[in-house]
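> My questions will all concern the structure given below.
Protein chains in written order, with the numbering used here: chain W, 1040 to 1455; chain E, 1040 to 1455.
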């Protein structure tokens, strides 16, 4: 049994480090399970802090704050990878449960540690080396050819901490700044995929269909589920790869394996051990969402069905765009939400409540259906309208009046 | 546009009077829309108060508490019908928005007011009369025959405030206790149905499929969506009836029309103007849940698609049963949740976090699928297991070990 339990409800209390949108959506899932997520936020205006009942303000790098968070909870988990390993070990030593544990989590925190582990396991990944000097990089490039990809081992996300270097001139400054770097071949990429699995301490594993993640400027823009046209054998291989990694590393909770699809198969890019942007589609598109599954897994509950609820699901991120500019004079957010709902009554909105800033992940939308082109078109157009206040010409409505009529027609149809 | 908005998010703030499970599930829906529900709860351990960030403790019969609740919100709405009409009028007079407004809401508060309004509109309902004396009741019974049904005009719910009287002897005490009563014929009932609609101030209406509600001892036990075997013409007539009532009464928000199906058609039993137990299935079973739709409607947002996500959805309530007894020695709640998840990985749990008491609505489960008998069997067995700790023989698993294997098989299948 999972102890300690909340004395008010006789059910578990999960603590999540981090107050962003992943924590916000995990709280939503916790509510259905009879729980209330305890959130460690750095600011009361953070996404999850705006909606959760049990919010503790504090710093995820401060052991005292982490100890306070863990007190009386069933298990501690994360919406990001930035908690120092030694603090997690201290929580374990004090008898708290931490999921994923520090020995697993370090593979999502440090890209060099991940590369070594995958090499030891013989799993497919890009050619790589650890580089401390310009000579290390040029020696590696002599083997694989320029350009090469330089990555900071820790702290990068959403394309930050990744540089494509076309020659030795571009390397010295970066090395000086960071000390050690991971250097990788630039792979011949067909597209990016993600394989998500959940794993419980008992060892049960649940797997979702492999998805395609469409990046723009290093940031996830769309997720197509399942990955369109993916060869069934390759899809199964990618799922099995994700399960092997989860088992070998002892992951507890959600694991997202970001993959490069190449002409020869798939290569592991990086890992996330938490709910992940590539799985937001599961809220509506799967019988069990990644957020509920993460809770089930860290609590050692049996996992839920990962069956899809429709043949196709598309998630599109809303990244702060033209409407986030200080000089934006078009419709405000609330007005844009009105138009969104009028024009796309079937598209599901998820808004994170954060301050609007250019490039920031502010929300996402999900559409479901049968025909990928139609579903994708609706999701992307809705997300773009929220971000930029612009309706893609391919999905334009002539004026608001026509949009209202359109929506009214759809609802008249619903009535019968 | 909807004003005032939350200055932190530039989005609306909905205040809900009442901290029960309807408020709890509405908060879940609010989170996706970028909002955080403001909840008026009477106790910090109430269902919604356990999970919402913005909780005000107070009394829904106290105008000062209601004024404090309304301050700075976009609109005030309800998870029950017990707010005095004059207080709602006072909020309106102070410039607050209240949805549904008191003129509509009174039809869900007072059964005599409802009967008069339906009579004036010529809508189908049981034969009825207002009774102040035993003679009033016997005169009515002389026309329609004994037994008759006596109802308190206000304050009844879940079968409370309803008595079947078989003769004049059973009437006097009740009249003395309540003054005026509503007396109705006992209709020849085939089954009970519910038609749910949402209506916005703009006048947009969205309608879900008509459902069958299965009552046990006056309390909703199961909801079958859509109502099995319901004649299409009668289903449409019931939907149109619900739309006419919503329009005529000026309902804003969700309206549930509880119906008796008789050999000749449908008769209106009573109304609820809020999310309702007969619509819990929409969380998973419809593109837009009743909770999201209620928020959209009271905010005058365009309404969402009410298309079903599967051919059949069944909701089963978990009413406090044997496991709620003080001398229960079987598996505790957390252990029962483990078994539930192991045995029914596709069934969705909604637990309200309330103290366990016999007969109390503690949670519900929803199952989706193609075959009504299978779907209903799974939902009902899962709910019964949570309530009574007993597995229905028709859905028994021989022991925990076999249940684990069964779940493991299902997940192995998911992986491929």
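Glycine residues also receive a C-beta, built at the ideal position from the N, C-alpha and C atoms. For clarity, every value in this text was computed on a predicted model and none was experimentally measured.
State the CB to CB distance for the pair residue 1103 of chain W and residue 1077 of chain W, rounded to an integer number of angstroms; the pair is presumed to be in contact (CB under 8 Å).
With 8 Å as the limit, residue 1103 of chain W and residue 1077 of chain W do not qualify as a contact, their Cβ atoms being about 16 Å apart.
> Under 8 Å between the Cβ atoms of residue 1305 of chain E and residue 1336 of chain E?
Result no, Cβ atoms of residue 1305 of chain E and residue 1336 of chain E do not sit closer than 8 Å.
> Relative to the alpha-carbon of residue 1286 of chain E, which residue among E/1188, E/1156 and E/1189 has its alpha-carbon at the smallest distance?
Taking only the C-alpha atoms, the option nearest residue 1286 of chain E is E/1156.
> Give the residues of chain W in contact with residue 1228 of chain E, contact being defined as C-beta atoms less than 9 Å apart.
The premise fails here: residue 1228 of chain E is roughly 26 Å from chain W at the closest Cβ pair, so nothing lies under 9 Å.
> CA-CA distance, residue 1330 of chain E and residue 1353 of chain W?
Going from the Cα of residue 1330 of chain E to the Cα of residue 1353 of chain W covers about 23 Å.
> Hey, is residue 1340 of chain W's beta-carbon within less than 8 Å of any beta-carbon in chain E?
With 8 Å as the cut-off, residue 1340 of chain W counts as an interface residue toward chain E.
> Which stretch, first to last residue, makes up the alpha helix (DSSP H) that contains residue 1174 of chain E?
Its alpha helix (DSSP H) spans residues 1173-1183.
> Near residue 1439 of chain E, what residues of its chain come up, given a Cβ to Cβ distance below 6 Å and the 5 sequence neighbours on each side ignored?
Because residue 1439 of chain E sits at a pLDDT of 36, beneath the cut-off of 50, its placement in the model cannot be relied upon, and the following sentence gives the value as read from the coordinates. Excluding positions up to five away in sequence, the list is empty.
> Quick one: which chain E residues come within Cβ less than 8 Å of residue 1081 of chain W?
None at all; the shortest Cβ gap to chain E is about 15 Å.
> So residue 1200 of chain E is in the alpha helix (DSSP H); what residue range does that whole segment cover?
Careful: residue 1200 of chain E lies outside any alpha helix (DSSP H) and carries neither H nor E.
> Cutting at 6 Å between CB atoms, please list the residues of its own chain near residue 1435 of chain E, excluding the five before and the five after it.
Its pLDDT being 45, under 50, residue 1435 of chain E is placed unreliably by the model, and the measurement read from it follows with that caveat. There are no such residues.
> Would DSSP call residue 1141 of chain E helix, strand or coil?
Helix.
> When you compare each of E/1350, E/1323, E/1424 and E/1347 to residue 1372 of chain E by their alpha carbons, which one comes out closest?
The shortest C-alpha separation from residue 1372 of chain E is found at E/1424.
> Around the C-beta of residue 1368 of chain W, are 16 or more other C-beta atoms found within 10 angstroms, so that it is buried, or is it exposed?
Under this definition residue 1368 of chain W is an exposed residue.
> Which word fits residue 1140 of chain W, buried or exposed, when buried means at least 16 other C-beta atoms lie within 10 angstroms of its C-beta?
Counting Cβ neighbours within 10 Å, residue 1140 of chain W comes out buried, since at least 16 surround it.
> Report the option in E/1118, E/1127, E/1138 and E/1267 whose CA atom is closest to the CA atom of residue 1412 of chain E.
That would be E/1267, whose Cα lies nearest to the Cα of residue 1412 of chain E.
> Contact between the stretch 1263-1277 of chain E and the stretch 1204-1214 of chain E is defined here as three or more beta-carbon pairs at a separation below 8 Å; is this criterion met?
No, because fewer than three Cβ pairs between the stretch 1263-1277 of chain E and the stretch 1204-1214 of chain E fall closer than 8 Å, the two stretches do not touch.
> Can you name, in chain order, every residue of its own chain whose Cβ lies under 8 Å from the Cβ of residue 1214 of chain E, other than the five neighbours on each side?
Counting only Cβ-Cβ distances below 8 Å, and skipping sequence neighbours, we find 1170, 1171, 1172, 1173, 1176 and 1220.
> Would you list the one or two residues that DSSP bridges to residue 1190 of chain E?
In the DSSP output, where bridge partners are listed per residue, residue 1190 of chain E has E/1201 and E/1221.
> Helix, strand or coil for residue 1076 of chain W per DSSP?
DSSP places residue 1076 of chain W in coil when its eight states are reduced to three.
> Decide if residue 1199 of chain E is buried, meaning its Cβ has at least 16 other Cβ atoms within 10 Å, or exposed.
Exposed, by the Cβ-count rule.
> Let me see if you follow: with CB-CB separation under 8 Å, is residue 1348 of chain E close to chain W or not?
Answer yes: the Cβ-Cβ gap between residue 1348 of chain E and chain W drops below 8 Å somewhere.
> Find the residues of chain W that neighbour residue 1399 of chain E, judging by a C-beta separation of less than 9 Å, and give them in chain order.
Neighbours of residue 1399 of chain E on chain W: none; closest Cβ ~14 Å, over 9 Å.
> At a Cβ threshold of 8 Å, is residue 1051 of chain E touching chain W?
Chain W, which has a Cβ nearer than 8 Å to the Cβ of residue 1051 of chain E, makes this yes.
> Give a yes or no on whether 8 Å exceeds the smallest Cβ distance from residue 1070 of chain W to chain E.
Interface residue, yes.
> What would DSSP say about residue 1098 of chain E, mapped onto helix, strand or coil?
In the structure shown, residue 1098 of chain E sits in coil (DSSP, three-state: anything other than H, G, I, E or B).
> Just by C-beta distance, which residues in the stretch 1359-1379 of chain E are closer than 8 Å to chain W?
Those would be 1371, 1372, 1373, 1374, 1376 and 1377, in chain order.
> Is residue 1151 of chain E helix, strand or coil by DSSP?
Note: residue 1151 of chain E maps to helix in three-state DSSP.
> Report the rounded CA-to-CA distance for residue 1295 of chain W versus residue 1130 of chain E, giving the unit in angstroms.
Approximately 50 Å between the Cα atoms of the pair.
> Give me the residue from E/1363, E/1359, E/1088 and E/1133 with the minimum Cα distance to residue 1105 of chain E.
Per the Cα distances, E/1133.
> So that I know if they touch, is there some Cβ in chain E lying closer than 8 Å to that of residue 1391 of chain W?
By this cut-off, residue 1391 of chain W is an interface position.
> Give me the DSSP bridge partner(s) of residue 1403 of chain W.
Residue 1403 of chain W is bridged to W/1356 and W/1389.
> In chain order, which continuous runs of the beta strand (DSSP E) of length 3 or greater are located wholly inside the stretch 1225-1283 of chain W?
The qualifying runs are 1230-1238, 1244-1246, 1250-1255 and 1258-1264.
> Can you say whether residue 1302 of chain W is buried or exposed, counting buried as having 16 or more other CB atoms within 10 angstroms of its CB?
By the 10 Å Cβ count, residue 1302 of chain W comes out exposed.
> So who's on the other strand from residue 1045 of chain W, going by DSSP bridges?
Bridge partners of residue 1045 of chain W: W/1050.
> Residue 1335 of chain E touches chain A at which residues, Cβ-Cβ below 7 Å?
Judged by its chain identifiers, the structure shown contains no chain A, and its protein chains are W and E.
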